[in-house]
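Numbering (the UniProt record's numbering), first residue to last: 1 to 417.
All C-beta atoms, glycine included, are put in the ideal place defined by N, C-alpha and C.
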């Protein structure tokens, strides 16, 4: 069985406690009922607690939770929150014995990774720390592999986060040995030379003539842009591309995979050799890592590389300390930004007294700023005129006027038949 779940806790022994997404509503209902039934303080008079005894626990957030005494004795007891899995030492005054909810099974399920043996036969502290940082409160995909021998035992599972197998990831980090480790070969592509360098896939494009919503993610010149097919409004005709129905979920999956990559980025090796068009991860100014490709070496002392962020189209020159190997599974998502040329207009007559774009001198800087104003934050639509030799489009504002008409009115461009 395959289902989505949230990891509520990772125990000190490496046990992964999960709450199935399908159980969340029932758990919330139970929590609401517990809060309405227990408005008191904990038990203030002396009480002889027994191991395994059911209770409610007042958490640090002042909410009451179902609990079970794991180890009695002294002024504090070791108690497990049975719906979340975590074990804490709790003062007696924050506990209350009750048998009110003992008929309801715990909502969290204790799990272990299927056919995965930790180094030394138990999870070392650094491995547990890694699991806790990676998984706590995150949504994951669970594949049930083996049921426990007794109802209170651990479920044997394969766990996937951001499309990657947890067993494979932990084995790659040398924390364990995984028998059924299918992704290891892919993870190993991060290091060493690959005979055929992997590359990104282009997204499927709508049929020429169809009108579809787009966002302009980067402007190179008034004539050259990078567009992202806008998944938030599905105006594309069904014939346009087989991938349309999956556009939303694919984008969500890419965002999810990048989120996981950012959590574990310290484990990814830095780039040590460089090839043109080579996929990689690059750290942006916001401190997050994004998919990119190498274009050229711009400086040699220290080395700085020109890269392009493939899901936006923008460029940046970065030091090698901001370049890391990209996990192989991130290459299965098509790039989000597509380079396109705009049809129907050309630069106005060259005037040497006007400030020009250094890398595109046929256009004035004023024309670039005017085009930026036309497209920034606007809901735009496009129609493909040609797919080769280069993707060429007509770009429209929301009122179906061609965006370049503003430049022509301002004398910054001319109509091009």
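query: Relative to the C-alpha of residue 113, which residue among 175, 84, 75 and 89 is closest?
result: 175
- request: Starting from the Cα of residue 146, find the closest Cα among 27, 359 and 2 and give me that residue.
  value: 2
Option nearest residue 94 by Cα separation, candidates 57, 73, 121 and 111: 57
message: Among the candidates 387, 391, 374 and 417, whose CA atom is the shortest distance from the CA of residue 401?
response: 374
task: Ignore the nearest five residues each way along the sequence and tell me which others in residue 281's own chain have a CB closer than 6 Å to its CB.
output: 289, 324 and 326
query: Of all the beta strand (DSSP E) runs that stay within the bounds of the stretch 310-346, which reach a length of 3 or more residues?
result: 315-319 and 338-342
- prompt: For residue 418, which residues from the same chain have a beta carbon less than 6 Å from its beta carbon, with the 5 sequence-adjacent residues on both sides left out?
  reply: In the structure as shown, the chain starts at 1 and stops at 417, and residue 418 therefore has no counterpart that could be examined.
task: Determine the DSSP secondary structure at residue 85, reduced to helix, strand or coil.
output: coil
- prompt: Any idea if residue 108 is buried or exposed, counting beta-carbon neighbours within 10 angstroms, 16 or more meaning buried?
  reply: buried
query: Going by beta carbon distance, what residues of the same chain come within less than 6 Å of residue 303, once the five residues before and after it are set aside?
result: 320
message: Let's test the definition: count the other Cβ atoms within 10 Å of the Cβ of residue 404 and tell me whether it reaches 16, buried, or not, exposed.
response: buried
Residue range of the alpha helix (DSSP H) that includes residue 99: Looking at the DSSP string, residue 99 is not in any alpha helix (DSSP H), and its letter there is neither H nor E.
message: Pairs of beta-carbons, one from the stretch 131-146 and one from the stretch 28-39, closer than 8 Å: are there three or more?
response: no
query: Hey, residue 253 and residue 173: beta-carbon distance below 8 Å or not?
result: no
- prompt: Okay, do the stretch 11-27 and the stretch 53-71 touch, 3+ Cβ pairs below 8 Å being the bar?
  reply: no
message: Checking 8 Å against the spacing of the C-beta atoms, do residue 203 and residue 335 come in under that value?
response: yes
message: I'd like to confirm the pairing. Which residues does DSSP put opposite residue 68 in its beta bridges?
response: 54 and 80
field: Outcome for residue 8 when other beta-carbon atoms lying within 10 angstroms are tallied against a minimum of 16
entry: buried
Whole-angstrom C-beta distance between residue 258 and residue 278, which should lie under 8 Å: Not a contact, Cβ separation roughly 18 Å.
query: Exposed or buried, what is residue 116 when buried is set at 16 or more other beta-carbons lying within 10 Å of its beta-carbon?
result: buried
- prompt: Since residue 340 contacts residue 393 with CB under 8 Å, what's their CB separation in whole angstroms?
  reply: 5 Å
- prompt: Could you give the distance in angstroms between the alpha-carbon of residue 72 and the alpha-carbon of residue 45?
  reply: 16 Å
query: Using CA coordinates, which residue listed in 42, 43, 91 and 65 is at the minimum distance from residue 30?
result: 65
query: What residues in its chain sit with their C-beta under 7 Å from that of residue 209, if we drop five residues either side in the sequence?
result: 383
Status (buried if at least 16 other CB within 10 Å, exposed otherwise) for residue 412: buried
query: Does the distance from the C-beta atom of residue 381 to that of residue 212 stay below 8 Å?
result: yes
query: If we ignore side chains and look at the alpha-carbon of each, how far apart do residue 118 and residue 177 end up?
result: 6 Å
field: Nearest-angstrom Cα separation, counted from residue 271 out to residue 372
entry: 35 Å
Residues near residue 495 in its chain [Cβ-Cβ closer than 7 Å; skip 5 each side]: What the structure shows of the chain is the stretch from 1 to 417, and residue 495 is not part of that stretch, so it cannot be assessed.
message: Can you look up residue 399 in the DSSP assignment and give me helix, strand or coil?
response: coil
The beta strand (DSSP E) enclosing residue 293, as first and last residue numbers: 289-300
task: Check residue 217 in the structure and name its three-state DSSP category.
output: strand
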